[in-house]
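The structure under discussion appears below in the form of structure tokens.
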Amino acid sequence: MESISIIGMVSIITAGVTIAVGSIAPAIGEGKALAQALLAIAQQPDEIPTITRTLFVGLAMVESTAIYCFVVALILIFANPFWNYVIQV
Amino acid sequence: MEINIDQIVYWEWEFIKLNATLVYSWAVMVVLVSVSWFVSRDLTEGTGISRKQALIESLVVVIQKQIEETTQEKTDRYLPFIGTLFLFILVSNLISVIPGVYSPTASLSTTAALAISVFVAVPIFGITSRGVKSYFHNYVKPTPLMLPFNIIGELSRTLALAVRLFGNIMSGSLIVAILLSLSPLFFPVVMQAFGLLIGVIQAYVFAILALVYIASASRIHNTEETDSTEIINPQSK
Chain B
1 MESISIIGMV SIITAGVTIA VGSIAPAIGE GKALAQALLA IAQQPDEIPT
51 ITRTLFVGLA MVESTAIYCF VVALILIFAN PFWNYVIQV
Chain E
1001 MEINIDQIVY WEWEFIKLNA TLVYSWAVMV VLVSVSWFVS RDLTEGTGIS
1051 RKQALIESLV VVIQKQIEET TQEKTDRYLP FIGTLFLFIL VSNLISVIPG
1101 VYSPTASLST TAALAISVFV AVPIFGITSR GVKSYFHNYV KPTPLMLPFN
1151 IIGELSRTLA LAVRLFGNIM SGSLIVAILL SLSPLFFPVV MQAFGLLIGV
1201 IQAYVFAILA LVYIASASRI HNTEETDSTE IINPQSK
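Protein chains in written order, with the working numbering: chain B, 1 to 89; chain E, 1001 to 1237.
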């Protein structure tokens, strides 16, 4: 197999694996955080503003790991430096 | 479909390029400045305030209250910087619902610039409130062994701040662009509305994280007491 097809194949497969693995872990983490927050709200309804604010910030921080994986997958597909190099040569 | 809106060039002269990022961030600046000027040129006190003044005042009060609740201190020091960050990012995120307009935060250059301004603001606020010695002493806590990790933490959280905002906003517009080719009738509208929510939340998160970083660097009595306001340990990201 020539290098151009190897690079294309590996990039696409790796992008798929990246986004797959990178969405499983944050999903579990966000689910746990949300469950705990709901539990806390059920126990202390007075603290809803604080809990919600902390929950949103925390969810955004957890989600950023998924976003990093998404950015890496996008770089692999649309802005792959190796692919550009092979195309040029 | 554009991945990188820096590459949309409107006008070019030798090495000076006017790309979409620049044009639309200038547009956001013009909107913000002109609205503020228009509202604040005839401010009044008392109960008989005009409607536009009430609108802006309520916005400022909300930001002020959020800052107060997060830092647990009564101070107006953070309001100009954090408020400006929040409003700029908010308007930049929401501007993309206008057809043909790209939000400047969908470019890594804008978000990196915003993150760097936070990176610079942290020592400035810290040194002005605690003094040079006390601020830099924070880096060798608990032991001098932790110095490189503290520095790496400072740098990596700046990177995380930039990439988080960029990734969220860019992915929103990208998903809409992809869906447009798959099911052009109804579904992109839903995702566009979802993008509005994401835009507001990300502007809020960026401002709150910047505030947490600044407040934790400028807290004067940095004792061992665990502070409930510290939502995220600033060294961990």
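For each residue, glycine too, the CB sits at the ideal point set by N, CA and C.
- Around the beta carbon of Pro1142/E, fewer than 16 other beta carbons sit within 10 angstroms, so the residue counts as exposed.
- Residues of the same chain with a CB within less than 7 Å of the CB of Leu1161/E, apart from the 5 flanking positions on each side, are Ala1115, Val1118, Phe1206, Leu1209 in chain order.
- In the three-state scheme derived from DSSP, where H, G and I count as helix and E and B as strand, Ile1016/E is classed as strand.
- Under the three-state reduction of DSSP output, Val1009/E falls in the strand class.
- By the criterion of a C-beta distance shorter than 8 Å, Gln1192/E is surrounded in its chain by Val1097, Val1176, once the five residues flanking it on both sides are discounted.
- Within the segment 1162-1174 of chain E, contact with chain B at the beta-carbon level (separation under 7 Å) is assigned to Val1163, Arg1164, Gly1167, Asn1168, Ser1171.
- Taking 8 Å as the Cβ-Cβ cut-off, the segment 1184-1208 of chain E approaches chain B at Ile1201, Gln1202, Tyr1204, Val1205, Ile1208, given in chain order.
- Near chain E, meaning a CB-to-CB distance below 8 Å, the residues of the segment 65-79 of chain B are Ile67, Tyr68, Phe70, Val71, Leu74, Phe78, Ala79.
- Contact with chain B is absent for Ala1177/E, since none of that chain's Cβ atoms lies less than 8 Å from the residue's Cβ.
- By alpha-carbon distance to Leu1159/E, the top candidate from Trp1013/E, Trp1011/E, Thr1111/E is Thr1111/E.
- Taking Ala73/B as the centre and dropping the five residues before and after it, the same chain places the C-beta of Ala15, Thr18, Ile19 closer than 7 Å to its C-beta, in chain order.
- The three-state reading of DSSP puts Gln1202/E in helix, counting H, G and I together.
- Proximity of Ala1160/E to chain B, defined by a Cβ-Cβ separation below 8 Å, is satisfied.
- With fewer than 16 other Cβ atoms inside 10 Å of its own Cβ, Asn84/B counts as exposed.
- The beta carbon of Val21/B does not come within 8 Å of any beta carbon belonging to chain E, so the residue lies off that interface.
- Excluding its 5 nearest sequence neighbours in each direction, Ile1198/E has C-beta neighbours in its own chain below 7 Å: Asn1168, Gly1172, listed in chain order.
- Here Tyr1135/E really is in contact with Ala1217/E; their C-beta atoms are around 7 Å apart, less than 8 Å.
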